[in-house]
Amino acid sequence: MTTPAPSASALVIGVTGFVGSYVAKALVEKGYKVHGTCRDPAVAAKWVPEMLQKCTPAGSPASMDDIIKLHALNFTADEESYAAAKAAIKTILQQSDDSSANKDSSTNSGLSTPPIKGVFMCAGYEKQEPETIKVMESMAIATLEAVLEVGKERENFVAEPPIAVILTSSTGSTNPPPEIAKALPLAKSELTHWSDPEFQILNKRFSPAAKTNMELKAFGFVGRNAQDEVVDSEKHENVKNKIRLSIMNPSWILAPQLQPGDVSGNGLPWLAKIVQGTAMSEQIPNDSMSIIYCQDLAALHVACLENPTASGRYFGVCRSWAWEEILETVQNIRGKDKYTMPPKNYEEPNPVTEFDLTRQKELSGGKELMSLEGILRDTIGYLEEKQLV
Numbered sequence: 002m003t004t005p006a007p008s009a010s011a012l013v014i015g016v017t018g019f020v021g022s023y024v025a026k027a028l029v030e031k032g033y034k035v036h037g038t039c040r041d042p043a044v045a046a047k048w049v050p051e052m053l054q055k056c057t058p059a060g061s062p063a064s065m066d067d068i069i070k071l072h073a074l075n076f077t078a079d080e081e082s083y084a085a086a087k088a089a090i091k092t093i094l095q096q097s098d099d100s101s102a103n104k105d106s107s108t109n110s111g112l113s114t115p116p117i118k119g120v121f122m123c124a125g126y127e128k129q130e131p132e133t134i135k136v137m138e139s140m141a142i143a144t145l146e147a148v149l150e151v152g153k154e155r156e157n158f159v160a161e162p163p164i165a166v167i168l169t170s171s172t173g174s175t176n177p178p179p180e181i182a183k184a185l186p187l188a189k190s191e192l193t194h195w196s197d198p199e200f201q202i203l204n205k206r207f208s209p210a211a212k213t214n215m216e217l218k219a220f221g222f223v224g225r226n227a228q229d230e231v232v233d234s235e236k237h238e239n240v241k242n243k244i245r246l247s248i249m250n251p252s253w254i255l256a257p258q259l260q261p262g263d264v265s266g267n268g269l270p271w272l273a274k275i276v277q278g279t280a281m282s283e284q285i286p287n288d289s290m291s292i293i294y295c296q297d298l299a300a301l302h303v304a305c306l307e308n309p310t311a312s313g314r315y316f317g318v319c320r321s322w323a324w325e326e327i328l329e330t331v332q333n334i335r336g337k338d339k340y341t342m343p344p345k346n347y348e349e350p351n352p353v354t355e356f357d358l359t360r361q362k363e364l365s366g367g368k369e370l371m372s373l374e375g376i377l378r379d380t381i382g383y384l385e386e387k388q389l390v
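Numbering-wise, my numbering puts 93 at position 92 of the sequence shown, and it's gapless, one number per residue.
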């Protein structure tokens, strides 16, 4: 008995990354074929296909070619890299289509199976330096330009919905300067809460500035403003029926790392240091932190692809918790013999950051996200297996 081929596919830029690998996993679990980009496909081939093959649902294709195809892609700040990246993304999109000259739009036979329905730009840039801003902007615009050009080509031979483009950003783009924040609602909103990139640059916060600029440039590309309103009718008409843009804004992302080998990135090593007692050991911060389980974040990404009305920014957070509650949960999981709470040197706790999650809940259908205890128990268990705590 032969198994059916997937009916659609998606492109994950940064498929070997922490978020990108979870997005790929979520896609394969739902029956999509994944095209994934990374710096070195030969290295990725040693673990990504095997990891994804374990996720395929019953009755899905057993052939590796129907699950994942890896592509080389590397971004830097120079113009040559930008042009090469755009060309590479465009080629991947075109390869999912039948590029033969004769297209039969009446039967859709001009489009091969499975066409790429969505592009997830999950790649990041770990360095905190001015170059980060240029790289993140270039990554987003190169992706959008490639999608637009292919979208125009598709218009000529088949009635396809717009290609969904989902950018992974950060809540670092949702922190207005204090004087502006005072005039805004207490609960953060995707529509009203924007960081000031110039203010961030002055404070050498290059990564949040990069994410903020990336989002604003992307909105501008599709003719929309920061509130996702159409303000440039010419640009909007140019991308209409070709691109549908969504942006995901997470904070601290936790979960076991899918990539084998050393633990990388920022989030997991930081948690390991906290649990070890080498970070955040002098006192409990009178502050809060927003967290999400990476599997939940990936599901929100895929919801942006599958919901035809999804557009604009979405908070990729479960909620925010006071650090006192976070550290107490660490102690409950590890035990008092393995983790000692730092001293609490304040009497009046500062307010916990609030989020208006109306848009997120509409996107997810109200799906309940993993609790703080669940997130930390699963992630700390992984760190224990890796002998990092």
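From the three backbone atoms N, C-alpha and C, an ideal C-beta is built for every residue, glycine too. Only a predicted model underlies this, so the values are computations on that prediction, with no experimental measurement involved.
Here the C-alpha atom of A280 lies approximately 37 Å from the C-alpha atom of V29. Counting along the chain, no alpha helix (DSSP H) covers H194, and no H or E run does either.
Annotation: the continuous beta strand (DSSP E) that includes L255 extends over 253-255. By the C-beta criterion, the segment 143-154 is judged to be in contact with the segment 234-253, since at least 3 inter-stretch pairs fall below 8 Å. DSSP links L217 through a beta bridge to no other residue. For C39, DSSP records a beta bridge to A73. Relative to N204, the option among T169, L217, Q129 whose CA is nearest is Q129. Residues G119, R245, L306 of the same chain have their beta carbon placed closer than 6 Å to that of A165, with the five preceding and five following residues left out of the count. About 17 Å separates the Cβ atoms of I90 and H302, ruling out a contact at the 8 Å cut-off.
With a cut-off of 8 Å on Cβ pairs, the segment 171-184 is not in contact with the segment 264-281, counting fewer than three such pairs. At least 9 Å separates the beta-carbon of F207 from that of N250.
Annotation: S190 to G313 spans about 12 Å, alpha carbon to alpha carbon. For G152, the enclosing alpha helix (DSSP H) has its first and last residue at 132-156.
CA-to-CA, the gap between L217 and N226 works out to about 7 Å.
Note: S289 is bridge-paired with A323 in the DSSP secondary-structure output. Distance check between M371 and each of A323, E326, D297 places D297 closest, using alpha-carbon atoms only.
When rounded, the separation of the alpha-carbon atoms in G18 and E235 is 36 Å.
Cα atoms of A78 and A84: separation of roughly 11 Å, rounded to the nearest angstrom. Excluding sequence positions up to five before and after P257, its CB lies within less than 7 Å of the CB of D379, T380, Y383, all in the same chain and listed in chain order. Close CB contacts of R335 within its chain, under the 8 Å cut and outside five residues either way in sequence, are with V276, I381, V390 (chain order). In this structure, F76 sits near S139, with a CB-CB distance shorter than 9 Å. Secondary structure at K212: helix, using DSSP grouped into helix, strand and coil. Here H237 is exposed. Its C-beta has fewer than 16 other C-beta atoms within 10 Å.
Ranked by Cα distance from P198, the options T133, E154, L145 are led by T133.
Taking the Cα positions, T359 is about 22 Å away from A323.
Here DSSP, grouped into helix, strand and coil, assigns V13 to strand.
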